[in-house]
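**Q**
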DNA sequence: ATAAGTCTGTTGAAATTTCAACAAAAGGAG
DNA sequence: CTCCTTTTGTTGAAATTTCAACAGACTTAT
C-alpha cells in the first residue's frame with residue numbers, strides 16, 4: 440500500500456489523518472486495490488452500490504446513456520478523487536451511472552458499510568472519515584451546481600462559454616488544456632459534436648478565443 | 440420550539456435523536472427561527488453561506504438566473520427539508536443561488552460552524568448530526584443525478600416525459616399532482632414555456648397522458 | 001515510412017426550440 | 001357578480017440544433 444501514499448495524502452477522505460495511522464486504517468477498512476484496462480467498466484449501471492472508490496492512478500469518466508441513446512458525461516475522475524460514495528452512502532440499490540476507464544487505472548475500493556458502521560476494532564478514525572466524507576459530498580454538490588449552470592444554458596455557445604470561463608477560473612489562467620476531446624466535450628455539454636465544432640470555429644473567427652484541439656486561450 | 444417538533448422529527452438532520460434531547464440540542468446549536476412572506480428572498484445569491492437551513496412551514500424554490508437572463512429552478516423545498524447546507528459545509532464564500540419563498544414560510548437557521556466544530560458544552564450529538572448531514576448530502580447528490588438525467592435530454596418531449604415518469608415513480612401512481620405551474624415547470628426543465636404547453640397538448644392528443652393544470656395521469 | 005484508424009471541422013437539410021403576440025380559461029378582490 | 005390579474009394554450013416566424021455525410025489532419029501500429 441505504501442506506494443499509493445502520495446495519492447492518498449491528497450485524497451479528501453483522509454484529510455487530517457497522519458501517514459503512520461493510514462496503513463492501520465486501510466487495513467481496518469478492508470481496502471483493496473483493483474486494476475482496470477483502458478475502456479474497461481469500473482462500475483456498471485444497475486450494479487449494487489456497495490463501494491466507496493478512490494482513483495489511485497489513471498483517469499475515468501462517469502457516464503450515462505439515456506433511454507433515447509444520448510450519451511452524457513457526468514464528470515471526469517482524476518487521481519486522488521473519490522467516486523461512487525454518494526450512491527453507497529445513500530444506500531441506492533442500483534447504480535444509475537456507469538464509470539469507464541479512460542486509460543489503465545488503479546482504483547481503491549472500500550466497502551461502504553465498513554465506514555458507516557463503526558468498526559469492531561474500535562479504531563479511532565471513523566469520526567474523522569465520516570466528517571471528511573461529509574465535506575467531500577458537500578464539495579461534490581457544488582460541482583453539480585456548476586454542471587447545472589452549464590446545462591441550464593439554452594444554446595451551444597452559452598454552454599461552451601460558461602464551461603470555458605469556469606475552466607479558466609479553475610486553472611487561474613486564460614490559457615488551459617481541457618480533459619475532453621471534442622466528442623467528450625459535446626457529451627459533457629450535452630450538445631451535438633458537429634455543432635460544437637462549428638461554434639468553436641465561429642468564436643475563433645470572432646476573435647473571442649484561440650484553440651488547438653484540447654488547448655484553449657480566451658482573449 | 441415545541442410547536443415545530445412534528446416537522447423536526449421528519450427532518451433528516453435529526454434522525455436517531457430523541458425528542459427529549461432535541462430541545463437541548465437546538466439550544467446548543469443556537470438555532471433560530473425566521474419568517475418570510477410570499478416572494479421574499481430567504482437566501483440571496485452572493486451572500487455568505489453561513490447557515491444550514493430547515494424549512495419548517497411553507498415552501499420555497501432554489502433558483503438561479505444566468506448571465507443571459509434564463510431563470511432556472513434548481514429544486515423545490517418542502518417542509519422538513521434541509522437546504523443551503525452544501526454551500527455552508529463546503530465553505531463557499533458566496534451563495535451561487537437564490538432561495539425564494541413560494542408562500543409564507545418559517546425557516547430554522549443553524550450556523551454551520553456550530554455543527555462543524557464540536558460545541559463547548561461537549562454535547563454528545565455532534566457525531567450523530569454530522570453523520571446525518573453526510574447522509575443528507577448523499578441523498579441530495581442523487582437528486583442532482585435525477586435532475587441531470589432530465590436536463591441531459593435533448594428535446595422538450597424527452598425532458599417532460601423523463602420528469603413525469605420520475606414523478607409517477609415517486610408518487611407510486613400514474614396519477615399525481617406536480618408542484619410547479621407551467622412557467623415553473625418550464626424553468627425546472629429548462630425549456631420554453633410555450634413550447635412546453637404545446638408539447639403537453641400534443642402528448643394529450645396522442646393519448647399518452649391526460650392533464651389538467653398541475654394534475655397529470657399517464658396512460 | 002506506410003497504412004489504417006481516429007479526431008476534427010464543414011456543410012446543407014430537416015427537425016426543434018425560442019420568441020413574441022394574442023386569446024381563452026381560471027382565480028381573486030371588492 | 002363583475003372586473004382585473006394570472007395562467008395556460010396557440011400560432012407563425014426566426015433562430016438554433018441535430019443529423020448525416022465527407023474530407024483533411026493527426027495518431028498509432030506495423
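Chains as they are written, first to last, in my numbering: chain X, 440 to 658; chain C, 440 to 658. Beta carbons: idealized from backbone N, C-alpha and C, even for Gly.
(1) Check whether the Cβ of residue 487 of chain X lies closer than 7 Å to any Cβ atom in chain C.
(2) From residue 586 of chain C to residue 472 of chain X, what does the alpha carbon distance come to, in whole angstroms?
(3) Is DSSP giving residue 463 of chain X helix, strand or coil here?
(4) 7 Å is my cut-off, CB to CB: does residue 502 of chain X come that close to chain C?
(5) Residue range of the alpha helix (DSSP H) that residue 571 of chain X falls in?
(6) Looking at residue 547 of chain X and residue 488 of chain X, is the spacing between their C-beta atoms short of 7 Å?
(7) Below 8 Å on the Cβ atoms is my contact criterion, and I expect residue 485 of chain X with residue 500 of chain X to pass it. Report the Cβ-Cβ distance as a whole number of Å.
(8) Using only alpha-carbon positions, find the residue among C/498, C/532 and C/526 that is nearest to residue 542 of chain C.
(9) Helix, strand or coil: which one does DSSP assign to residue 454 of chain X?
(10) Along chain C, in chain order, which residues have C-beta atoms closer than 7 Å to that of residue 610 of chain X?
(11) Let me see if you follow: with CB-CB separation under 7 Å, is residue 622 of chain C close to chain X or not?
(12) If you run the structure through DSSP and keep just helix, strand and coil, what is residue 611 of chain C?
(13) Measure how close the beta-carbons of residue 592 of chain X and residue 505 of chain C come, nearest whole angstrom, since I'm counting them as under 8 Å.
(14) Excluding the five sequence neighbours on either side, which residues of its own chain have a C-beta within less than 7 Å of the C-beta of residue 428 of chain X, listed in chain order?
(15) From the DSSP secondary-structure annotation, give me the bridge partner or partners of residue 490 of chain C.
(16) Check the Cβ of residue 586 of chain C against every Cβ in chain X and list those closer than 7 Å, keeping chain order.
(17) Write down the C-beta distance between residue 570 of chain X and residue 569 of chain C rounded to the nearest angstrom, noting that I regard them as a contact closer than 8 Å.
(18) Please confirm whether residue 551 of chain X has its beta-carbon closer than 7 Å to some beta-carbon of chain C.
(19) Cβ closer than 8 Å: which chain X residues qualify as neighbours of residue 536 of chain C?
(20) Are the segment 628-641 of chain X and the segment 457-472 of chain C touching by the rule of at least three beta carbon pairs closer than 8 Å?
**A** With the given structure in hand:
(1) Here residue 487 of chain X refers to the residue found at position 48 when the first chain is read from its first residue. So, not an interface residue.
(2) As a working note, residue 586 of chain C is residue 147 in the second chain. As a working note, residue 472 of chain X is residue 33 in the first chain. Spanning the two alpha carbons is a distance of roughly 32 Å.
(3) As a working note, residue 463 of chain X is residue 24 in the first chain. Residue 463 of chain X: helix per DSSP, three-state reduction.
(4) Reading the first chain from its first residue, position 63 is the one you call residue 502 of chain X. No, no contact with chain C.
(5) For the purposes of this step, residue 571 of chain X is taken as residue 132 along the first chain, with counting starting at 1. Counting along the chain, the alpha helix (DSSP H) containing residue 571 of chain X begins and ends at 565-590.
(6) In the first chain, the residue the question calls residue 488 of chain X occupies position 49. In the first chain, the residue the question calls residue 547 of chain X occupies position 108. Contact: no.
(7) Along the first chain, one-based indexing puts residue 485 of chain X at 46. Along the first chain, one-based indexing puts residue 500 of chain X at 61. At roughly 18 Å, the Cβ-Cβ gap does not stay under 8 Å, so residue 485 of chain X and residue 500 of chain X are not in contact.
(8) Along the second chain, read from residue 1 onward, the residue named residue 542 of chain C stands at position 103. Checked all of C/498, C/532 and C/526; the closest Cα to residue 542 of chain C is C/498.
(9) Walking along the first chain from the start, residue 454 of chain X turns up at place 15. Coil, per DSSP.
(10) Locating residue 610 of chain X in the first chain gives position 171, where the first residue counts as 1. Those within 7 Å of residue 610 of chain X in chain C number zero; the least Cβ separation is about 19 Å.
(11) As a working note, residue 622 of chain C is residue 183 in the second chain. With 7 Å as the cut-off, residue 622 of chain C does not count as an interface residue toward chain X.
(12) To locate residue 611 of chain C, count along the second chain from 1; it is residue 172. Looking at residue 611 of chain C - three-state DSSP - the assignment turns out to be coil, as it is neither helix nor strand.
(13) In the first chain, residue 592 of chain X corresponds to position 153, counting from 1. In the second chain, residue 505 of chain C corresponds to position 66, counting from 1. Rounded, the Cβ-Cβ distance is 6 Å, consistent with contact.
(14) An answer regarding residue 428 of chain X cannot be provided, because it is not within the stretch 440 to 658 covered by chain X.
(15) Residue numbering aside, residue 490 of chain C sits at position 51 when the second chain is read from its first letter. In DSSP, residue 490 of chain C forms a bridge with C/550.
(16) Translated into the one-based positions of the second chain, residue 586 of chain C becomes position 147. Per Cβ cutoff of 7 Å: 587.
(17) In the first chain, the residue the question calls residue 570 of chain X occupies position 131. In the second chain, the residue the question calls residue 569 of chain C occupies position 130. Correct: roughly 6 Å between the Cβ atoms.
(18) For the purposes of this step, residue 551 of chain X is taken as residue 112 along the first chain, with counting starting at 1. For residue 551 of chain X, the answer is no, since every Cβ of chain C falls outside 7 Å of its Cβ.
(19) Along the second chain, one-based indexing puts residue 536 of chain C at 97. Correct list: 584.
(20) no
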